[in-house]
Each structure stands twice: as structure tokens, then as C-alpha cells.
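Add 311 to the 1-based position in the sequence shown for this note's numbering, that's all there is to it.
C-beta atoms are modelled at their ideal positions from N, C-alpha and C, and glycine is treated no differently.
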Amino acid sequence: MSELDGQVEQLVEKNQELADRERMYQKVFKSAVGAFLYCSFEKRTIFILGQWTEYFDFDIREMQGLSKLLDTVDESYAMRLREVLFLETTGEETATAECLMKDKRSWMQFCVKVYYDGAGQPADKVIYINNITRLRSQNEELTYMAYYDSLTGLYNRNYYVRLLSEYIRNASEYGHAVSIMIIDIDDFKNINDGQGIVIGDELVQQFGCFIKELCEENIIACHLHSDVYCMAIYDPNGKVCIDSLHKAIDKRLKEPFKLSGGQEIMITVSIGAAEYPDAAMSALELINCAEIAVFKGKSMGKDTIHYFDTSVKEDFLGTIELEDKLKKAIANSNFILYYQPQYYTGSRQLRGVEALIRWQDEDSHFIQPSVFIPAAERNGTIIPIGKWVVEQSVKQYAIWRQQFGFPFIMSINISALQYKKDDFVDSVVNTLNKYGVSPSEIELEITESVLIEDFDAVYEKIKLLKEYGIRISLDDFGTGFSSLAYLTRLPIDTLKVDKTFIDTVLTDSTTRVITESIIHMVKALKFESIAEGVEDEEQYGYLKIIGCDVIQGYLFSKPLSPVEMEHVLRKGK
Ligand code: C2E
Ligand code: MG
Ligand code: MG
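Dropping the structure here:
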């Protein structure tokens, strides 16, 4: 073969290689999400790659053409976009602009990278354009829900408690007072039952809007739950007080609420008021005192305002038979733990169990924790009860671990008050040592309310528990959302998406968007996600598709007595 033939062959090979490479790049860019522009400064040309035609109905072939992109965005974003598109004028290498488009609905992200030659002159640049409309709306939704109640537009409970805690911190520093009032619509149940929940909701919303109008610099308000609102005043100058707000509310209630269906509804409210520092020293306790005052007021007739004082509290506690019974129940060991299995979504294998307390009264009736745990938290009996729960669940776990020979996770619910005890961490660790249980097989569940009042103190305890190797999970996530901001800072292992989300995930598109965002966020943060309260196959199928790790709910199993749970364990993992 002549030398020339050899060179031709080499050229053909090179050409083939180049053509293959070209095909490969084309395919890669075509399958990538987004559009790319490659700009060469030397040739002053531009190549279009990727999904360009999905986004724009024009071409750009040379440098000046880039200005066409400025016409596609909303005017207020054009200047920022110009800076980014022509980044080489500043000598910078990379920049990003997120722009609202002309249609005022969609959002695009423009990322630019400029490559400079050895002499520092721009050689070429790549512009990557991506549609981020969905991401933006998810983020906006999540941020909104972190602070506000979607029905009334008032603050949500958790964020409000944080703001109230701040009021109290300031007040304690300067020796001021903070007043709060709980406003409860009288006979709301009759309206809801009689006229339907749509009308009930509209009334709650309209009254919420009115409450919002009363808020100003020193006044905040939240929608506490159903037909109950809470307002707080921190006004050292004394211009506004409970009385002035009460008068404003009274005046408004002389007129009916006009609903969209034409109905006109007159309402009255019962108000309970309490003041820091006289009634209580913390936000949650203060709300609790105002709740007691409403309760007391309602028992004496409606359309009242009742101020909290210690005699109200003693009176209240004295009349609550439940709390007395609780104390006796501790003495008589009338508690029992049930266990609800949790299963991995993909393999359907057992991941662990959650210990759930039940109270068996003298007639062997079961009293559910939602009835007695709040009372136990109120009068402090949760401390001995909680201690018993930790001891009993760890002991039971040690027995099952030995009997069945495989590890799983024992999840234990812990109340805010328990975390506040100085010896909490030591007492958990001592219990694990006593029964020879590995910390990595125990998970403590905390709720957002534990975090909101005193994040730093609880954070330190959680960190310590983690150092011992104990798992931490965030329970009922989504009910308040205020912990969203904490999530990245919290050393947790697991996040439990609350049942209220699972209930409507298939029927409500907003819930769906938020649930998917939560699951994605959990993945990004490398936590494990558990869906609570999964009751049917459709919910399970959907949660599996969106990548939720673990399922807990009646679909797989109700909470089981120890004997029933043993049957499950006997069948193996
Ligand atoms: P949680 O920790 O969120 O527990 C899950 C609750 O959802 C349990 O209610 C469970 O029985 C229920 N559940 C699970 N799957 C389903 C389902 O598919 N459908 C329905 N409708 N419900 C389902 P439970 O046992 O009544 O407990 C209520 C709450 O009481 C618990 O909520 C927890 O906050 C508290 N609690 C229970 N045991 C303890 C305890 O030992 N200590 C403390 N501090 N709190 C506890
Ligand atoms: Mg729980
Ligand atoms: Mg829960």
C-alpha cells in the first residue's frame, strides 16, 4: 500500500470516529432535559442543542441573536438576564438567572459558563436553559405552608408558636407582658352539621380574614384548629390590649357573615385570655391557659370573655376526672403496649414496629392515647408514663430479638416534656444497657411541637442520642410544616409523613404535589420516609411509585397486641 493510501485510510477512520462522536453528543443532548446554546467567540457562531424547539419558536445562529431571548422573559427580569447572557463582559465564569417568562406563568433557568483562553480572552460559552416552573411552584407552596394556614391565610399553629415564643423572649428581657386570647366560634358544630362543611369552611375563612385585619405591628394571629383562633399582643406602649380587640370583634359580630351561596350567618364567640408572665412562662403553656379559660367560660354560658387566673386552673384540673384516673392508672399498671408493624414498600419485608400505648380502665375498656396523652402532658403524668413506655418496649424488644433471632426497629413515641428532663438521655441509654439492646435497633419519635419551643436545647439532646447510635424520627410531618426550615439542620434518620396527607393524596392535587416534594426532599437529605395511615392498595401503589421507603397503616396491619405481634414475628421477616 502506498503512503498516500495509508493516509487516506487513516483519514477515513478519523472521519468515522468524528461522525460516531457527533452522533453520540447529539443523542446525549437530545435526551437531556433542557436546551443548550454553544457560542464560539472566535467564529461568532452559535449552535443549538437539546430541547430548544420545545421552548422557543425561533433560532439563534450568531452572537447578536442572543438578545432575542431577552424578549421572551417578563420585563422585570430582562436586565438580570442580559447580565447573565453576556457574562463575558464582566470577566466572570458562571452565573445563573431564574426568570419569569412573558406569559407570567412559566419560569426558566438560564445557566451560563464562559471559557477563557490562556490570554484571558473569552473563547466560548455554554448557555443551559431549563424549565423550572414545576419546581418553583412546589417550593412556593412548601414555603407558604411552612408559615401559613391555607384556609384562612393566617399563620399556622407551629409558626405562630415560634413567633409567640419570640414575643415572650423579648418581653422577659425587658420586663414586659404578652397577652393572648383564644377565640372560639360558639355552636360551630351545629353550623357544620346543619349546613355542611363547605359552609363551615367558608365561615372559618371569612372570620379568619376579619381576624387578619386586626393584626398590625404588635399583634399576630393564627388559626389554631377547626373554629378556633389565637391572637397575641406584645405592645409595651399599651395602645392595644385584649379589651380593645374584644370590642372590635364584638362590633363586627353585630353584622352577619355573607357567604357566597347567599346565606347570612350571625355568630357569637367565646374568648379565653391569658397573660405572660402571670399565667405561664412559655408559649405552649400560655396557649394552654387561654384554652382552659375558654373552656371555663363556655361552661358558664356562651358569648363570653374569660380571663385566666390560677383559681381557674385549679378549678379546671379539679373537675377533670380523667387526670385523677390517670394517676391511679400509673399506680395500678393499667397500661399496655400495642405494636404496629412497618413494612418496606418494595420488598414488603418487616422494617420495624411502632410501640403505641393503650390504657385499660377498670372495666377493661381501652382508652386511646389521643384521649389521655394530652391530659397526661398537661398534668405531668406523661413523665412516669413515658418512662414506663421506654422500659417496656425495650424489654419486649430484647425478648423478641432473642426469641426470633433477627433484628428490626422498635420505634418509641416521646413527648416534649420527656425531652425537657435533664436525665432523659441517660435514662434511655441505661435502659438499653440493662436489656443489652443495640441502640441502632431503637428509634425515638419526636414531633414538631417538641422542636418549636426550644430548638437549641432539644437539638443538643438529639445530637447526644445520635452519638450513642440511637435512631431519631420526625413524627406527624406535614401537620405544621414549621420544621421544614430545620430539616437540613436536624440529625434525623427518618421522616414520617402524616396520615392527613395520605388520606387525600389521591384526591387532592395540592396534597399530591406537596407529598411528592416531601419524598424527594427526604431522598435528597438521605433520610428514610415512612407513610403513616396507609389504608388502601391505591395509596400503597402510588406511594411506591413516588419512592416512599416504608409503609405503616391498616392496609398491612392495625396495631397488634404482644401476642398477635408474636404471630407476625414467628412467620419471619
Ligand atoms: P402516632 O405516633 O402518629 O401513631 C400513629 C397513630 O395512627 C396510631 O394511633 C395508629 O393506631 C394510627 N394508625 C396507624 N395506621 C392507621 C391507619 O391506617 N388508619 C387509621 N385511621 N389510623 C392509623 P394511636 O395508637 O391512637 O396513637 C395516637 C397518638 O398517640 C400517636 O400518634 C402518638 O402521638 C400518641 N402516642 C401513642 N403511644 C404513645 C406513647 O407511648 N407515648 C407518647 N408520648 N405518645 C404516644
Ligand atoms: Mg408515632
Ligand atoms: Mg404519627
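Exercise. Within its chain, find whatever has a CB closer than 7 Å to the CB of GLN449; leave out the 5 residues flanking it on each side and keep chain order.
Key: Non-local beta-carbon contacts of GLN449 in its own chain, meaning distances under 7 Å to residues more than five positions away in sequence, involve VAL824 and SER828 in chain order.
Practice problem: Tell me whether GLU846 counts as near ligand 3, meaning its Cβ is closer than 6 Å to at least one heavy atom of that ligand. | Solution: Checking every heavy atom of ligand 3 against the Cβ of GLU846, none is found closer than 6 Å.
Quiz prompt | Rounded separation between VAL885 and THR463 - CA only | solution = Residue numbering for the chain in the displayed model covers 312 to 884; residue 885 lies beyond these limits and cannot be assessed.
Exercise. Give a yes or no on whether the C-beta atoms belonging to PHE347 and TYR439 are separated by under 7 Å.
Key: Judged by beta-carbon spacing, TYR439 lies within the 7 Å limit of PHE347, meaning their Cβ atoms are closer than that value.
Quiz item: On the premise that ARG669 lies in contact with PHE719, defined as a C-beta separation below 8 Å, what is that separation, rounded to the nearest angstrom?
Solution: Not a contact, Cβ separation roughly 21 Å.
Self-check item: Cutoff 6 Å; reference TRP363; Cβ partners in own chain excluding five residues on either side
Solution: Correct list, in chain order: ALA346.
Quiz item: Does the Cβ-Cβ distance between ASP804 and ILE783 come in under 7 Å?
Solution: By the CB criterion at 7 Å, ASP804 and ILE783 fall inside the cutoff.
Practice problem: Assuming VAL395 contacts ALA408 (C-beta within less than 8 Å), just tell me the rounded distance between them. | Solution: The C-beta distance from VAL395 to ALA408 rounds to 4 Å, short enough to fall under 8 Å.
Self-check item: Touch test, the region 531-543 against the region 452-469, Cβ-Cβ under 8 Å, three pairs minimum
Solution: Taking a contact to require three or more Cβ pairs closer than 8 Å, the region 531-543 and the region 452-469 qualify as touching.
Quiz item: Mapping DSSP to helix, strand and coil, what is GLU404?
Solution: The answer is coil: DSSP assigns GLU404 none of H, G, I, E or B.
Exercise. Go ahead and label LYS354 buried or exposed: buried means 16 or more other beta carbons lie within 10 angstroms of its beta carbon, across all protein chains shown.
Key: With fewer than 16 other Cβ atoms inside 10 Å of its own Cβ, LYS354 counts as exposed.
Self-check item: Continuous beta strand (DSSP E) stretch holding VAL539: start and end
Solution: Here the beta strand (DSSP E) through VAL539 covers 539-544.
Self-check item: Exposure label - VAL509; buried when at least 16 CB within 10 Å
Solution: Label assigned to VAL509: exposed.
Practice problem: Go to HIS487, then tell me how far its alpha helix (DSSP H) extends in each direction, as first and last residue. | Solution: Neither: HIS487 is in no alpha helix (DSSP H) and is coded neither H nor E.
Practice problem: Apply the 10 Å Cβ neighbour rule to GLU566 and answer buried if 16 or more other Cβ atoms are within range, or exposed otherwise. | Solution: Counting Cβ neighbours within 10 Å, GLU566 comes out exposed, since fewer than 16 surround it.
Quiz prompt | Residues near PRO870 by beta carbon distance below 7 Å, same chain, minus five either side | solution = These residues qualify, in order along the chain: TYR649, TYR650, GLN651 and LEU667.
Quiz item: Between LEU525, LYS550, GLY549 and LYS558, which lies nearest to MET542 when the distance is taken from Cα to Cα?
Solution: Comparing Cα-Cα distances from MET542 to each of LEU525, LYS550, GLY549 and LYS558, the minimum goes to LEU525.
Quiz item: So what does GLY361 bridge to, in DSSP terms?
Solution: Its beta-bridge partners are ALA346.
Quiz item: Within the structure, which residues are defined as neighbours of ligand 2 by a Cβ-heavy atom distance below 6 Å, reported in chain order?
Solution: Going along the chain, the residues that qualify are GLU665, ASN724, GLU756 and ASP786.
Quiz item: Quick one: is the Cβ of LEU564 within less than 6 Å of any heavy atom of ligand 1?
Solution: Result no, Cβ not under 6 Å from ligand 1.
Quiz item: Should TYR779 be labelled buried (16 or more other beta-carbon atoms within 10 Å of its own) or exposed?
Solution: With a 10 Å radius around the Cβ and a threshold of 16 neighbouring Cβ atoms, TYR779 comes out exposed.
Self-check item: Residue closest to ASP765, alpha-carbon to alpha-carbon, out of VAL748, TYR797 and ASN744
Solution: Of the candidates VAL748, TYR797 and ASN744, the one whose C-alpha sits nearest the C-alpha of ASP765 is TYR797.
Quiz item: Thinking C-alpha only, which one of GLU575, PHE867, PRO802 and GLU484 is nearest PHE838?
Solution: Distance from the Cα of PHE838 is smallest, within the candidate group GLU575, PHE867, PRO802 and GLU484, for PRO802.
Practice problem: Return the Cβ separation of TYR655 and VAL861 in integer angstroms, given the expectation that the two are a contact with Cβ distance under 8 Å. | Solution: Contact flag correct, Cβ pair sits at about 6 Å.
Quiz prompt | Segments assigned beta strand (DSSP E), at least 3 residues, entirely inside the region 839-871 | solution = Counting only runs of at least 3 residues, the region 839-871 fully encloses the following beta strand (DSSP E) elements, listed from N- to C-terminal order: 839-843 and 861-863.
Quiz item: Between which two residues does the beta strand (DSSP E) harbouring THR758 extend?
Solution: Its beta strand (DSSP E) spans residues 753-758.
Quiz item: When the distance is taken between beta carbons, is TYR770 closer than 7 Å to LYS706?
Solution: No.
Self-check item: LEU667 Cβ short of 6 Å to ligand 4 heavy atom set
Solution: With respect to ligand 4, the structure shown offers nothing to examine, as its ligands consist of ligand 1, ligand 2 and ligand 3.
Practice problem: Would you kindly report the start and end of the unbroken beta strand (DSSP E) that includes ASN724? | Solution: From DSSP, the beta strand (DSSP E) with ASN724 extends over 720-724.
Quiz item: Under the criterion of a Cβ to heavy atom distance below 6 Å, does GLU843 qualify as lining ligand 3?
Solution: Yes, the beta carbon of GLU843 sits closer than 6 Å to at least one heavy atom of ligand 3.
Exercise. Starting from the Cα of ILE919, find the closest Cα among TYR587, GLY583 and LEU564 and give me that residue.
Key: Nothing about residue 919 can be read from this structure; the chain reaches only from 312 to 884.
Quiz item: Quick one: any contact between the region 493-501 and the region 568-588, if contact means 3 or more CB pairs under 8 Å?
Solution: A contact is defined here as three or more CB-CB pairs under 8 Å, and the region 493-501 meets this definition with respect to the region 568-588.
Practice problem: With DSSP collapsed to three states, give me the class of ASN467. | Solution: Three-state result, ASN467: coil.
Quiz item: With 16 as the cutoff for other CB atoms within 10 Å, does ILE725 come out buried or exposed?
Solution: Burial state of ILE725 is buried, judged by a 10 Å Cβ sphere holding 16 or more other Cβ atoms.
Quiz item: Any idea if PHE358 is buried or exposed, counting beta-carbon neighbours within 10 angstroms, 16 or more meaning buried?
Solution: Under the 10 Å beta carbon count, PHE358 is surrounded by fewer than 16 other beta carbons and is classified as exposed.
Quiz item: Does DSSP put CYS600 in a helix, a strand or coil?
Solution: In the structure shown, the three-state DSSP call for CYS600 is helix.
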